[in-house]
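Only one structure is covered here, and it is reproduced in the block below.
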Amino acid sequence: MFEDILNYQRKELDLRKLQRELDNLPSRKVVTDMVALVKELQIKSINLEKEATELKKTYDNLGVELSKLNEKLDEFDKNCVVEEGIASLTKINNSIINFQAKISKLQTKIEDVLKQFDNAKKKVVMAKTKHKEAKLNIEKNESVLIPKIENLKKEIATLRKDINPVLIKKYDELKADNVMPVFVPKIGNSCGGCRIELSSRGLEKLKQNNHIECEHCRRIIINKD
Ligand SMILES: [Zn+2]
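For my numbering, count along the sequence shown from 1 and bump the result up by 882.
Now the structure itself:
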């Protein structure tokens, strides 16, 4: 009596497994991650671009500062009086030291930005390669899984026609409530679905009717003894 529905249920569980496998291919996560990474790197590049503009401004300002220093040096050449000259030289020397420190700081920042930009570029290339590989892998898996799923669906549709309408109705109801599998064996004296032990009344009823509905999980327990 239950052979047809059990076979039907088995095929449906196989179908569910294949669909899950198709939906949860590890490469799908790789694709999502790589798309997110490229977006993140684009934002990073935009920020680095802004930083580069700021550094260029700093550089231009230092250029102005350098011109002023040159002017001071020219002035010193023209109006050198020994005592005043030493004081002026000390001042100029301090300005040069100060200027050098600023240039050095700017250079470090520029090198850092260039390095970050280069890293971002490399990561984009890597992400695009991984993305492409993952896409190919998905296509490869789909070409195997989708035909299997389609065949199984056809098989299930054919099997469905021959099943007792009362059983298929019960099956559809419970399946709609996410109770799967619907038909389970008795394991020991317990429900094969929720594993809760049956009452002695339940066991007696199962012996008489060959099947009962589990009081706990609503599954149909079949007596195969
Ligand atoms: Zn149960």
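Just so it is clear, CB atoms sit at the ideal spot from N, CA and C, and this is done for glycine as well.
Residue i versus residue j - alpha carbon distance
| i | j | result |
| --- | --- | --- |
| residue 971 | residue 960 | 13 Å |
| residue 904 | residue 985 | 58 Å |
| residue 1041 | residue 1032 | 14 Å |
| residue 945 | residue 1011 | 43 Å |
| residue 983 | residue 957 | 24 Å |
| residue 1019 | residue 1079 | 46 Å |
| residue 1090 | residue 1084 | 10 Å |
| residue 1053 | residue 1101 | 9 Å |
| residue 1103 | residue 1060 | 17 Å |
| residue 1007 | residue 1014 | 11 Å |
| residue 1030 | residue 1039 | 14 Å |
| residue 1051 | residue 917 | 45 Å |
| residue 932 | residue 980 | 26 Å |
| residue 976 | residue 924 | 42 Å |
| residue 1056 | residue 1086 | 24 Å |
| residue 1081 | residue 1047 | 29 Å |
| residue 915 | residue 1004 | 16 Å |
| residue 968 | residue 990 | 33 Å |
Residue j beta carbon less than 8 Å from that of residue i
| i | j | result |
| --- | --- | --- |
| residue 926 | residue 1002 | yes |
| residue 954 | residue 974 | yes |
| residue 992 | residue 937 | yes |
| residue 1034 | residue 896 | yes |
| residue 995 | residue 1058 | no |
Expected contact under 8 Å - CB spacing of residue i and residue j to nearest Å
| i | j | result |
| --- | --- | --- |
| residue 1070 | residue 1096 | Not really, about 14 Å apart at Cβ, beyond 8 Å. |
| residue 940 | residue 988 | 6 Å |
| residue 1088 | residue 1068 | 7 Å |
| residue 919 | residue 1009 | 5 Å |
| residue 893 | residue 1037 | 6 Å |
Option in the options with minimal Cα separation from residue i
| i | options | result |
| --- | --- | --- |
| residue 1106 | 1045, 1099 and 1093 | 1093 |
| residue 1028 | 899, 885, 888 and 1046 | 899 |
| residue 888 | 1087, 1011 and 1064 | 1064 |
| residue 910 | 1022, 921, 1062 and 1101 | 1022 |
| residue 1026 | 1067, 901, 1044 and 921 | 901 |
| residue 952 | 943, 968 and 978 | 978 |
| residue 890 | 1045, 1086, 1082 and 1073 | 1045 |
| residue 884 | 1005, 943, 1066 and 942 | 1066 |
| residue 1062 | 915, 990 and 1099 | 1099 |
| residue 928 | 999, 1072 and 1073 | 999 |
Item to check | alpha helix (DSSP H) runs wholly inside the region 924-958, at least 4 long, in chain order | outcome: none
Checklist entry - Which runs of the beta strand (DSSP E), 3 residues or longer, sit entirely within the region 1045-1086? => result 1065-1069
Next on the checklist: Quick check for students: name the residue ranges of the alpha helix (DSSP H) that lie wholly in the region 956-1011, counting only runs of 4 or more.
Outcome noted: Whole alpha helix (DSSP H) segments, 4+ residues: zero.
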